[in-house]
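Down below is the structure, laid out as structure tokens.
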Amino acid sequence: MRSLKITSSIVFFLVGTIIMSSTTTTTASKPPASKKHYSSPYHNDFVDTHNAIRAEVGVGPMSWNETIAAYARNYANNRVKNNCEFEHSGGPYGENLAEGYGEMSGQQAVKYWATEKPNYDYGSNSCVGGECGHYTQIVWRNSIHLGCARANCGTSIKVLLMGQILMVMMMIMIASTTSKPFPGKKSSHHKHSHNKHSHFDFLDTHNAIRAEVGVGPMTWNKTLVAYARNYANSMVSKNCELEHSGGIYGENLAAGYGEMTGEQAVKFWATEKTMYDYTSNTCKEEDGCGHYLQVVWRNSIRLGCATTKCSNNGLVFVICSYDPPGNYIGQRPY
1 MRSLKITSSI
11 VFFLVGTIIM
21 SSTTTTTASK
31 PPASKKHYSS
41 PYHNDFVDTH
51 NAIRAEVGVG
61 PMSWNETIAA
71 YARNYANNRV
81 KNNCEFEHSG
91 GPYGENLAEG
101 YGEMSGQQAV
111 KYWATEKPNY
121 DYGSNSCVGG
131 ECGHYTQIVW
141 RNSIHLGCAR
151 ANCGTSIKVL
161 LMGQILMVMM
171 MIMIASTTSK
181 PFPGKKSSHH
191 KHSHNKHSHF
201 DFLDTHNAIR
211 AEVGVGPMTW
221 NKTLVAYARN
231 YANSMVSKNC
241 ELEHSGGIYG
251 ENLAAGYGEM
261 TGEQAVKFWA
271 TEKTMYDYTS
281 NTCKEEDGCG
291 HYLQVVWRNS
301 IRLGCATTKC
311 SNNGLVFVIC
321 SYDPPGNYIG
331 QRPY
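Sequential numbering of the sequence shown, starting at 1, is according to the UniProt record's numbering.
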């Protein structure tokens with residue numbers, strides 16, 4: 001007898017000119033969120049994640065700077081007065097922005113910016129597979145001071161589900177943007193022979209994440225693709241609202257402006273990996289880990305994804321369907 005499968009809230013996420021959202025599911029009751037101790041709100045969450053990403057390419061750590069944090073707080077609070085409209089400050093610092101509904105941690109924001117890493121080619125010092133400016137700002141060697149802030153815009157914004165949060169990250173940018181972000185050997189990254197929304201983009205990223213925990217690969221399934229495509233197309237008339245299909249398959253959704261690849265969508269779902277505790281089979285954070293669990297669910301062996309664009313608002317809608325579906329209460333993903 002199959003266990004009950006449940007689906008919970010949708011999370012809406014925006015980075016730079018990109019908006020991202022994904023569905024959330026859970027496998028078990030979640031314990032109270034663990035308490036975090038920061039010298040300022042989300043201080044360590046931002047700094048540690050930045051420094052881990054910088055260390056991957058041999059760049060030294062950043063340090064928290066209260067002057068920049070104050071600038072970020074003031075600007076974030078200013079955007080609240082303007083309904084959190086997504087607009088850069090035009091100030092003296094380097095700047096990355098993120099915006100989302102519900103719980104959105106600093107770690108999630110920074111990791112999503114870092115999904116642009118494959119788009120940066122060191123040899124030519126250019127973006128080759130899409131945007132990469134959020135990532136290069138994170139790893140910019142001469143950017144050594146960091147300040148971040150977040151502000152809650154309340155519940156008055158249209159299409160708001162759980163309260164909108166504007167998260168602003170500011171960094172001092174000393175070096176010219178015409179230089180390379182960090183010294184090193186030529187990048188091994190090459191342009192993929194497939195386009196950013198091809199099935200390889202979705203499938204390869206899923207399988208790489210599954211391999212990290214010893215789960216076998218998924219295969220591309222035309223039946224699931226047709227289901228996903230039909231549903232994606234049906235959402236055009238609904239302005240690409242993030243709404244589940246209610247079908248028989250497991251499902252993750254994303255929506256975004258500008259360049260949003262299948263790889264980026266899947267990697268953002270996978271940022272929830274750190275929230276999953278295998279021993280207790282629970283999500284450690286209030287915002288859940290169900291997107292990640294569906295990606296790595298061992299029994300989900302067939303995958304189909306599709307995208308569409310809503311011309312009236314410019315949103316790109318992404319859906320991945322999984323068969324058999326995952327995220328059953330009381331069962332482990334692998």
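For every residue, glycine included, the Cβ atom is placed at its ideal position computed from N, Cα and C.
Since this is a predicted model, take the numbers as computed values, not measurements.
(message) Would M235 and L303 be called neighbours here (beta carbons separated by less than 8 Å)?
(response) Stepping through the sequence shown from its first residue, residue 235 is reached at position 235. Stepping through the sequence shown from its first residue, residue 303 is reached at position 303. Going by C-beta atoms, M235 is not nearer than 8 Å to L303.
(request) Would you mind working out which of T307, C289, N239, S300 sits nearest A254, comparing C-alpha positions? (result) What you label residue 254 is simply residue 254 of the sequence shown in a count that begins at 1. A254 has its Cα closest to that of T307, out of T307, C289, N239, S300.
(request) Please report the residue range of the beta strand (DSSP E) in which A55 lies. (result) If you number the sequence shown from 1, residue 55 lands on position 55. Per DSSP, A55 belongs to no beta strand (DSSP E); it is in the alpha helix (DSSP H), 43-55.
(message) In whole angstroms, give me the CA-to-CA distance for W113 and G214.
(response) Position 113 of the sequence shown, counting from 1, holds the residue named residue 113. Position 214 of the sequence shown, counting from 1, holds the residue named residue 214. The alpha-carbon atoms of W113 and G214 are separated by roughly 26 Å.
(message) Rounded to the nearest angstrom, what separates G256 and N152 at their Cα positions?
(response) Within the sequence shown, residue 256 is the residue found at index 256, counting from 1. Within the sequence shown, residue 152 is the residue found at index 152, counting from 1. Going from the Cα of G256 to the Cα of N152 covers about 21 Å.
(message) Give the list of continuous alpha helix (DSSP H) stretches no shorter than 4 residues that lie fully inside the UniProt domain "SCP" (197-330).
(response) 199-211, 222-234, 262-270, 290-296
(request) Return the Cβ separation of Y276 and Y322 in integer angstroms, given the expectation that the two are a contact with Cβ distance under 8 Å. (result) As a working mapping, residue 276 is identified with position 276 in the sequence shown. As a working mapping, residue 322 is identified with position 322 in the sequence shown. Not a contact, Cβ separation roughly 17 Å.
(request) Quick one: measure Cβ to Cβ for C305 and G262, integer angstroms, because I've assumed they're closer than 8 Å. (result) Walking along the sequence shown from the start, residue 305 turns up at place 305. Walking along the sequence shown from the start, residue 262 turns up at place 262. About 6 Å; that satisfies the 8 Å criterion.
(request) Compute the Euclidean distance between the alpha carbons of E243 and A232, then round it to the nearest angstrom. (result) The residue given as residue 243 occupies position 243 in the sequence shown. The residue given as residue 232 occupies position 232 in the sequence shown. When rounded, the distance between both Cα atoms is 10 Å.
(message) Taking only three categories from DSSP, how would you classify G58?
(response) To locate residue 58, count along the sequence shown from 1; it is residue 58. In this structure, G58 counts as coil in the three-state DSSP scheme.
(request) Starting from S126, follow its DSSP beta bridges and name the residues at the other end. (result) Sequence index remark: in the sequence shown, residue 126 carries index 126 (1-based). Partner(s): D121.
(request) Can you tell me which of the three DSSP states G91 falls into? (result) Counted from its first residue, the sequence shown places residue 91 at position 91. G91: coil per DSSP, three-state reduction.
(request) On a CA-only basis, which of S143, I138, A149 is nearest R79? Give me that one, please. (result) As a working mapping, residue 79 is identified with position 79 in the sequence shown. Per the Cα distances, A149.
(request) Give me the Cα-Cα distance between C84 and M104, rounded to the nearest whole angstrom. (result) By one-based count along the sequence shown, residue 84 stands at place 84. By one-based count along the sequence shown, residue 104 stands at place 104. About 15 Å.
(message) Tell me which residues share the same chain as G90 and place their Cβ nearer than 7 Å to its Cβ, disregarding the 5 neighbours each side in the sequence.
(response) Residue numbering aside, residue 90 sits at position 90 when the sequence shown is read from its first letter. Counting only Cβ-Cβ distances below 7 Å, and skipping sequence neighbours, we find nothing.
(request) Taking 8 Å as the cut-off, decide whether the C-beta atoms of F46 and V110 are in contact. (result) Working through the sequence shown from its first residue, we reach residue 46 at position 46. Working through the sequence shown from its first residue, we reach residue 110 at position 110. A contact, by the Cβ cut-off of 8 Å.
(request) Grab me the residues of residue 340's own chain with a C-beta within less than 8 Å of its C-beta, minus the 5 sequence neighbours each way, in chain order. (result) Any answer about residue 340 is impossible in this case: the structure gives the chain only from 1 up to 334.
(message) So, for W269: in the same chain, excluding its five sequence neighbours on each side, which residues have a beta-carbon less than 7 Å away from its beta-carbon?
(response) Indexing the sequence shown from 1 puts residue 269 at position 269. Cβ within range, chain order: S22, N252, H291, Y292, V295.
(request) Just the C-alpha distance for residue 343 and V266, rounded to the nearest angstrom, thanks. (result) Because the chain spans 1 through 334 in this model, residue 343 falls outside it and cannot be assessed.
(request) Give me the Cα-Cα distance between I144 and N313, rounded to the nearest whole angstrom. (result) On the sequence shown, residue 144 is found 144 positions in, with the first residue counted as 1. On the sequence shown, residue 313 is found 313 positions in, with the first residue counted as 1. Roughly 37 Å between the two C-alpha positions.
(request) Look at Q107 and T49 and say whether their C-beta atoms are less than 8 Å apart. (result) Position 107 of the sequence shown holds residue 107. Position 49 of the sequence shown holds residue 49. In this structure, T49 lies closer than 8 Å to Q107 by Cβ.
(request) Give the straight-line distance between the Cα atoms of S126 and P92, rounded to the nearest whole angstrom. (result) In the sequence shown, residue 126 corresponds to position 126, counting from 1. In the sequence shown, residue 92 corresponds to position 92, counting from 1. Their Cα atoms are separated by approximately 24 Å.
(message) Measuring straight from C-alpha to C-alpha, what distance separates residue 338 and G94?
(response) Outside the displayed span of the chain (1 to 334) sits residue 338, for which this structure offers no information.
(request) Measure the alpha-carbon distance for A76 versus K222 and round it to whole angstroms. (result) Against the sequence shown, residue 76 aligns to sequence position 76. Against the sequence shown, residue 222 aligns to sequence position 222. If I take the Cα positions, the gap works out to 45 Å.
(request) Keeping to the same chain, check which residues put their C-beta closer than 6 Å to that of V318; ignore five residues upstream and five downstream. (result) Numbered from its first residue, the sequence shown carries residue 318 at position 318. Answer for V318: A254, A265, T307, listed in chain order.
(message) Taking 7 Å as the limit between beta carbons, can you name the residues of its chain near P31, skipping five residues before and five after?
(response) Locating residue 31 in the sequence shown gives position 31, where the first residue counts as 1. Low per-residue confidence applies at P31: pLDDT is 27, beneath 50, and the placement is therefore not dependable, though the value from the model is reported in the following sentence. If we look at P31 and ignore the five residues flanking it on each side, its Cβ neighbours are T282.
(message) In the DSSP output, which residue or residues are listed as bridge partners for S63?
(response) Counted from its first residue, the sequence shown places residue 63 at position 63. According to DSSP, S63 bridges with H145.
(message) Output needed for I62: all residues of its chain with C-beta closer than 8 Å, excluding positions within five of it in sequence on either side, in chain order.
(response) One-based indexing of the sequence shown puts residue 62 at position 62. Inspection of the sequence shows that residue 62 is occupied by Met rather than by Ile. Excluding sequence neighbours, M62 sits near V47, H50, N51, R54, S143, I144, H145, L146, M171.
(request) Please state if the CB of Y334 and the CB of R298 are separated by a distance shorter than 8 Å. (result) Reading the sequence shown from its first residue, position 298 is the one you call residue 298. Reading the sequence shown from its first residue, position 334 is the one you call residue 334. Cβ distance < 8 Å, so R298 and Y334 count as in contact.
(message) Within a Cβ cutoff of 8 Å, which residues of the same chain sit near A226, ignoring the five residues on either side of it in sequence?
(response) Translated into positions along the sequence shown, residue 226 becomes position 226. Closer than 8 Å at Cβ, skipping near neighbours: G304.
(request) Could you check what DSSP says for N83 in three-state terms: helix, strand or coil? (result) Counted from its first residue, the sequence shown places residue 83 at position 83. Reduced to three states, the DSSP call for N83 is coil.
(request) State the Cα-Cα distance for the pair L97 and H88, rounded to the nearest angstrom. (result) Counting from 1 along the sequence shown, the entry for residue 97 is found at position 97. Counting from 1 along the sequence shown, the entry for residue 88 is found at position 88. When rounded, the distance between both Cα atoms is 8 Å.
(message) If you follow the alpha helix (DSSP H) that T115 is in, where does it begin and where does it stop?
(response) As a position in the sequence shown, residue 115 is number 115, starting the count at 1. Per DSSP, T115 belongs to no alpha helix (DSSP H) and is neither H nor E.
(message) Measuring only the C-alpha atoms, how far is H43 from Y135?
(response) On the sequence shown, position 43 is the one that residue 43 refers to. On the sequence shown, position 135 is the one that residue 135 refers to. Approximately 19 Å between the Cα atoms of the pair.
(request) Return the residue from the list K81, L224, T115, R141 that minimises the CA-CA distance to G58. (result) Position 58 of the sequence shown holds residue 58. When each option's Cα is compared against that of G58, the closest is R141.
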